[in-house]
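Here is the structure we will look at.
2 protein chains.
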Amino acid sequence: MVSPLKVGLAGLGTVGASVVRLIDQQREALAARCGRPIVIVAVSARSKSKNRGINLRKMRWVSDPVKLASDPGIDVFVELIGGAGNPARAAVTAAFKAGKSVVTANKALLAHHGIALAELAEKCHVALNFEAAVCGAIPTVKTLREGLAGNSITRIYGILNGTCNYILTRMAQEKLAFAECLKEAQRLGYAEANPSFDIEGHDTAQKLSILASLTFGTRVDPESIYVEGISSITPADLNAADELGYRVKLLGVAVRTEKGIEQRVHPTMVPKESAIAQVMGVTNAVTIDAEGIAPITLVGPGAGGMATASSVISDIADIARGVRATPFGRPSAQLTISRKAPMQRHEGGYYISMLAVDKPGTAATIAKRLAQQSISLESIVQRHRGPHGGDSPKRSGPVPVILITYATTEDAVRRALGAVKRDKVILGDPQLIRIEKN
Amino acid sequence: MVSPLKVGLAGLGTVGASVVRLIDQQREALAARCGRPIVIVAVSARSKSKNRGINLRKMRWVSDPVKLASDPGIDVFVELIGGAGNPARAAVTAAFKAGKSVVTANKALLAHHGIALAELAEKCHVALNFEAAVCGAIPTVKTLREGLAGNSITRIYGILNGTCNYILTRMAQEKLAFAECLKEAQRLGYAEANPSFDIEGHDTAQKLSILASLTFGTRVDPESIYVEGISSITPADLNAADELGYRVKLLGVAVRTEKGIEQRVHPTMVPKESAIAQVMGVTNAVTIDAEGIAPITLVGPGAGGMATASSVISDIADIARGVRATPFGRPSAQLTISRKAPMQRHEGGYYISMLAVDKPGTAATIAKRLAQQSISLESIVQRHRGPHGGDSPKRSGPVPVILITYATTEDAVRRALGAVKRDKVILGDPQLIRIEKN
Numbered sequence: 190m191v192s193p194l195k196v197g198l199a200g201l202g203t204v205g206a207s208v209v210r211l212i213d214q215q216r217e218a219l220a221a222r223c224g225r226p227i228v229i230v231a232v233s234a235r236s237k238s239k240n241r242g243i244n245l246r247k248m249r250w251v252s253d254p255v256k257l258a259s260d261p262g263i264d265v266f267v268e269l270i271g272g273a274g275n276p277a278r279a280a281v282t283a284a285f286k287a288g289k290s291v292v293t294a295n296k297a298l299l300a301h302h303g304i305a306l307a308e309l310a311e312k313c314h315v316a317l318n319f320e321a322a323v324c325g326a327i328p329t330v331k332t333l334r335e336g337l338a339g340n341s342i343t344r345i346y347g348i349l350n351g352t353c354n355y356i357l358t359r360m361a362q363e364k365l366a367f368a369e370c371l372k373e374a375q376r377l378g379y380a381e382a383n384p385s386f387d388i389e390g391h392d393t394a395q396k397l398s399i400l401a402s403l404t405f406g407t408r409v410d411p412e413s414i415y416v417e418g419i420s421s422i423t424p425a426d427l428n429a430a431d432e433l434g435y436r437v438k439l440l441g442v443a444v445r446t447e448k449g450i451e452q453r454v455h456p457t458m459v460p461k462e463s464a465i466a467q468v469m470g471v472t473n474a475v476t477i478d479a480e481g482i483a484p485i486t487l488v489g490p491g492a493g494g495m496a497t498a499s500s501v502i503s504d505i506a507d508i509a510r511g512v513r514a515t516p517f518g519r520p521s522a523q524l525t526i527s528r529k530a531p532m533q534r535h536e537g538g539y540y541i542s543m544l545a546v547d548k549p550g551t552a553a554t555i556a557k558r559l560a561q562q563s564i565s566l567e568s569i570v571q572r573h574r575g576p577h578g579g580d581s582p583k584r585s586g587p588v589p590v591i592l593i594t595y596a597t598t599e600d601a602v603r604r605a606l607g608a609v610k611r612d613k614v615i616l617g618d619p620q621l622i623r624i625e626k627n
Numbered sequence: 190m191v192s193p194l195k196v197g198l199a200g201l202g203t204v205g206a207s208v209v210r211l212i213d214q215q216r217e218a219l220a221a222r223c224g225r226p227i228v229i230v231a232v233s234a235r236s237k238s239k240n241r242g243i244n245l246r247k248m249r250w251v252s253d254p255v256k257l258a259s260d261p262g263i264d265v266f267v268e269l270i271g272g273a274g275n276p277a278r279a280a281v282t283a284a285f286k287a288g289k290s291v292v293t294a295n296k297a298l299l300a301h302h303g304i305a306l307a308e309l310a311e312k313c314h315v316a317l318n319f320e321a322a323v324c325g326a327i328p329t330v331k332t333l334r335e336g337l338a339g340n341s342i343t344r345i346y347g348i349l350n351g352t353c354n355y356i357l358t359r360m361a362q363e364k365l366a367f368a369e370c371l372k373e374a375q376r377l378g379y380a381e382a383n384p385s386f387d388i389e390g391h392d393t394a395q396k397l398s399i400l401a402s403l404t405f406g407t408r409v410d411p412e413s414i415y416v417e418g419i420s421s422i423t424p425a426d427l428n429a430a431d432e433l434g435y436r437v438k439l440l441g442v443a444v445r446t447e448k449g450i451e452q453r454v455h456p457t458m459v460p461k462e463s464a465i466a467q468v469m470g471v472t473n474a475v476t477i478d479a480e481g482i483a484p485i486t487l488v489g490p491g492a493g494g495m496a497t498a499s500s501v502i503s504d505i506a507d508i509a510r511g512v513r514a515t516p517f518g519r520p521s522a523q524l525t526i527s528r529k530a531p532m533q534r535h536e537g538g539y540y541i542s543m544l545a546v547d548k549p550g551t552a553a554t555i556a557k558r559l560a561q562q563s564i565s566l567e568s569i570v571q572r573h574r575g576p577h578g579g580d581s582p583k584r585s586g587p588v589p590v591i592l593i594t595y596a597t598t599e600d601a602v603r604r605a606l607g608a609v610k611r612d613k614v615i616l617g618d619p620q621l622i623r624i625e626k627n
């Protein structure tokens with residue numbers, strides 16, 4: 190009889206309850222796959238009396254998660270408490286020091302303390318697994334940490350936040366305003382009451398920092414990421430993107446450049462025919478570009494109790510099978526420091542939307558300012574808003590002008606638009622969306 | 190100083206040469222990721238003198254691959270010879286008996302002798318890794334064997350053959366005939382001179398048998414799979430599919446039913462908005478449905494030297510890191526026998542295209558025969574071929590009739606169409622394409 194893997198689980202929210210349920214349901218399959226049973230022997234959560242619809246009778250209750258983490262009766266500590274601070278951080282640290290491997294779904298903890306925790310895990314010769322911290326049920330961590338070990342990856346980008354993708358999808362499909370879609374997302378439970386962490390891109394940045402580290406061997410550091418959210422995107426932008434052959438997604442992008450690893454989160458125009466452009470609603474997706482091969486794209490549920498539990502259990506199963514990967518794919522001491530990418534040096538195509546003053550010479554002025562920065566245009570769309578629309582020659586106030594540039598630098602675009610604004614040929618601020626080619 | 194992992198590699202075709210090149214290029218990254226260097230110490234191939242554009246000077250040449258497999262100087266044997274028979278089979282067997290782990294890209298060998306080889310590998314406590322045997326660079330094996338260990342998977346289906354998907358894509362996009370696209374695929378090197386193994390679905394079946402085993406714990410057996418190729422598909426079918434909201438793909442499908450695991454390969458109509466429908470050209474994709482979560486889809490390059498080498502190296506890297514997974518995810522002794530799915534019991538929707546005789550009562554006869562088998566229709570498209578097209582009342586010979594049924598059984602459809610044929614209200618044989626809903 191092989192000894193079971195004894196699990197201590199802290200945090201019994203939606204994910205924790207799903208883990209308890211799924212381990213029970215999959216008991217036999219897991220034992221067959223791992224060569225030994227997996228048993229949750231002890232749990233910890235804030236309220237003991239709360240009815241979670243799961244059977245906890247065979248498990249010990251340990252009120253203090255930090256105590257549970259170093260409990261001599263467990264082999265693995267599963268941290269589903271959440272948050273970058275204590276008790277999550279203290280509990281994980283205690284587990285390592287007591288020689289226990291840790292499985293966590295806590296992206297904030299990893300984004301802020303990932304390297305220190307990985308160093309400790311390595312020092313204690315235990316595992317730190319976190320498949321569930323990024324993209325729910327999609328095996329992104331395993332793919333980067335193990336699956337593509339032999340590839341030289343040049344870029345990784347993805348839809349890492351279901352809330353934003355849900356909002357952008359509804360806006361595009363139903364021509365609705367951002368605020369309206371956000372409300373709908375909140376009503377459906379896809380967005381928090383305070384949605385700024387999601388919609389301003391910070392959730393995506395935390396996840397990107399973890400993926401970038403696994404991909405490029407950089408030390409996890411969300412502060413080194415340029416972050417821009419989706420709240421300024423309008424249905425008009427989405428409509429223009431559609432007409433030009435693009436869709437707009439909030440992407441996290443990490444790319445190897447001559448100046449180092451560029452990490453950024455921003456609304457992005459992606460070609461309609463790309464795999465990432467097809468990803469709708471709350472679904473997540475990651476595309477990996479490696480030298481010499483066509484891109485690999487992984488698509489699936491990025492959130493939800495069962496999806497997250499699925500990854501938590503695969504992490505536990507790896508430990509049951511005796512696998513101990515280095516947390517970030519290579520020894521922490523070898524991870525390099527990634528500096529904040531200077532966005533002004535970013536190179537790529539741009540979508541620029543402006544409200545041009547309808548007077549002679551406006552087009553010439555805009556064209557001159559772009560030319561002065563050596564920016565070439567892939568397309569120009571200008572529509573008169575006159576009663577007859579289209580090619581109507583009637584002049585009637587400001588005119589929306591949409592430009593798609595060929596690859597240029599952020600710096601050049603900012604300079605050109607600054608000059609255009611000083612020339613007083615446009616109203617308000619131009620909208621600027623970066624283009625990511627596949 | 191940690192001892193390097195010493196690799197013996199047999200087979201220096203496109204894949205083998207790419208493995209040699211990539212291991213050299215990624216030397217440092219691999220050492221960092223695996224905690225030890227990976228070194229190819231000896232190779233074997235048919236011709237020693239052939240110029241492959243790779244540097245073999247530091248490697249011993251062993252003419253006999255079976256000798257190489259048990260060479261005391263190697264830790265891992267990489268089999269890239271191909272074919273279900275010898276020398277591949279003998280070499281892999283010899284490697285196991287000498288206590289060496291094996292990495293192979295040989296789907297034929299696994300489809301025909303996978304279980305016997307897995308049993309031997311388990312008995313000898315060595316690894317048998319074969320990520321490269323299915324879907325090139327996409328980490329399908331790892332995802333099924335490790336990544337979704339805790340999930341109860343209900344269905345797996347995919348585009349497992351790039352040749353067929355290339356042909357179907359060209360046919361659909363350019364309204365070209367099958368034969369023409371096949372020729373083009375041959376010209377581009379996407380199809381063999383003798384293409385029947387690919388286009389008749391046998392390549393897909395071999396790969397499906399491996400995926401089904403990993404997914405459902407069945408013993409690999411390509412003979413238990415219902416197989417139908419793509420050579421009867423016409424541009425008219427693809428056009429009709431498009432109008433009805435579908436695309437046609439050659440899918441390998443394994444699904445858990447009440448009667449056991451149904452495994453089948455056939456042209457399939459998939460809803461246009463599904464992830465699998467977006468996959469174009471030689472790209473491969475696999476969708477996994479697990480209980481309680483949204484589907485996971487993995488997309489990427491399914492063939493080519495670099496794509497296949499990428500998976501070979503990730504398998505070698507796992508061995509270097511000391512990971513030894515059970516070949517088919519659970520002990521071979523626990524794998525169950527999968528019987529050939531009785532296709533007549535298959536349940537699903539059907540696309541039926543017929544050439545109906547244009548005389549009074551034809552529609553009523555067809556409708557009656559379907560009703561007698563309790564088949565309900567989702568849509569009917571009938572087009573008169575008269576000079577005015579569309580709703581023209583002019584009668585002018587046989588009329589194409591296209592039906593989409595709601596879920597029914599293969600048996601019912603076959604009976605109904607048999608009766609319709611005996612009624613002499615249609616010309617020739619009806620075309621029948623199964624529908625796979627997402």
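Residue numbers (this note's numbering), protein chains in the order written: chain A, 190 to 627; chain B, 190 to 627.
For glycine and all other residues, C-beta sits at the position ideal for the given N, C-alpha and C.
Please read all numbers here as calculations on a predicted model, not as lab measurements.
Could you pull the DSSP bridge partners for B:Y540 from this structure? B:I593 and B:I622
Spell out the partners DSSP gives A:F266 in its beta bridges. DSSP lists A:G197 and A:V291 as partners of A:F266.
Would you call the CB atoms of A:V230 and A:Y355 closer than 8 Å? no
CB-CB under 7 Å to A:F285, same chain, minus the five flanking residues each way: which ones, in chain order? V291, L309, A310, C313 and V315
Taking the beta carbon of B:T551 as the centre, do at least 16 other beta carbons fall within 10 Å, making it buried, or is it exposed? By the neighbour-count rule (16 or more Cβ atoms within 10 Å), B:T551 is buried.
At a cut-off of 7 Å, is B:D600 close to the ligand GDP when judged by its beta-carbon and the heavy atoms of the ligand? Questions concerning the ligand GDP fall outside what the structure shown contains, since it holds no ligand whatsoever.
Check for me: the alpha helix (DSSP H) holding B:M360 runs from which residue to which? G351 to E363
Could you spell out the range, first to last residue, of the alpha helix (DSSP H) harbouring A:K448? Note, A:K448: premise wrong, no alpha helix (DSSP H); not H, not E.
Nearest-angstrom beta carbon gap, A:G390 and A:E373 [assumed within contact, 8 Å]: With 8 Å as the limit, A:E373 and A:G390 do not qualify as a contact, their Cβ atoms being about 20 Å apart.
Would you kindly report the start and end of the unbroken alpha helix (DSSP H) that includes B:L185? In the structure displayed, chain B extends from 190 to 627; residue 185 of chain B sits before or after that span and is not available.
Alpha carbon to alpha carbon, how far is B:F517 from B:I243? Give it in angstroms, no decimals. 33 Å
Smallest Cα separation from B:E480: which of B:T343, B:M458 and B:A380? For B:E480, the nearest C-alpha among the options comes from B:T343.
Tell me, please, whether the stretch 290 to 307 of chain A touches the stretch 261 to 278 of chain A by the rule of three or more beta-carbon pairs shorter than 8 Å. Contact check between the stretch 290 to 307 of chain A and the stretch 261 to 278 of chain A: three or more CB pairs, one atom from each, fall below 8 Å, which counts as touching.
Would you say A:I569 lies against chain B (beta-carbon separation less than 8 Å)? no
Among A:A596, A:R558 and A:R572, whose alpha-carbon lies nearest the alpha-carbon of A:K610? A:R558
Are the beta-carbon atoms of B:M543 and B:P619 separated by less than 8 Å? Cβ atoms of B:M543 and B:P619: closer than 8 Å.
Roughly how many whole angstroms lie between the Cα atoms of B:R334 and A:R249? 31 Å
Across which residues does DSSP place A:V409 in a beta bridge pair? Paired residue(s): none; A:V409 is not in a bridge.
On the DSSP letters alone, give me the boundaries of the beta strand (DSSP E) that A:I227 sits inside. I227 to S233
Is it buried or exposed, A:Q452, if we count other Cβ atoms within 10 angstroms and call 16 or more buried? buried
Say whether chain B places a C-beta atom closer than 8 Å to the C-beta of A:M495. yes
Leaving out five residues before and five after A:G494 in sequence, what residues of the same chain have Cβ atoms less than 6 Å from its Cβ? T203, V204 and S207
Answer yes or no: does any C-beta atom of chain A fall closer than 8 Å to that of B:A483? yes
Just how far apart, CA to CA, sit B:T476 and B:L403? 14 Å
Pairs of beta-carbons, one from the stretch 421 to 428 of chain A and one from the stretch 593 to 606 of chain A, closer than 8 Å: are there three or more? no
Contact list for B:N340 against chain A, beta-carbon separation under 7 Å: S499
What residues in the stretch 360 to 389 of chain A have a beta carbon less than 9 Å from any beta carbon of chain B? none
Of all the CB atoms in chain A, is at least one closer than 8 Å to the CB of B:I450? Chain A has no Cβ within less than 8 Å of the Cβ of B:I450.
Counting Cβ pairs, one atom from each stretch, are 3 or more of them under 8 Å apart for the stretch 351 to 371 of chain A and the stretch 428 to 447 of chain A? yes
Give the straight-line distance between the Cα atoms of A:I348 and A:A338, rounded to the nearest whole angstrom. 23 Å
Closer than 8 Å to chain A by CB, B:A294: no
Quick one: grab the DSSP three-state call for A:G347. strand
Interface partners of A:P254 on chain B, CB under 7 Å: The contacting residues do not exist; A:P254 stays about 22 Å from chain B at best.
Bridge partner(s) assigned by DSSP for B:Y415: According to DSSP, B:Y415 shares a beta bridge with B:R453.
CB contact below 8 Å: B:I327 versus chain A: At least one CB atom of chain A sits nearer than 8 Å to the CB of B:I327.
Verify the CB distance criterion: does B:D213 have a CB-CB separation below 8 Å to chain A? Taking Cβ atoms only, chain A never reaches closer than 8 Å to B:D213, which makes this a no.
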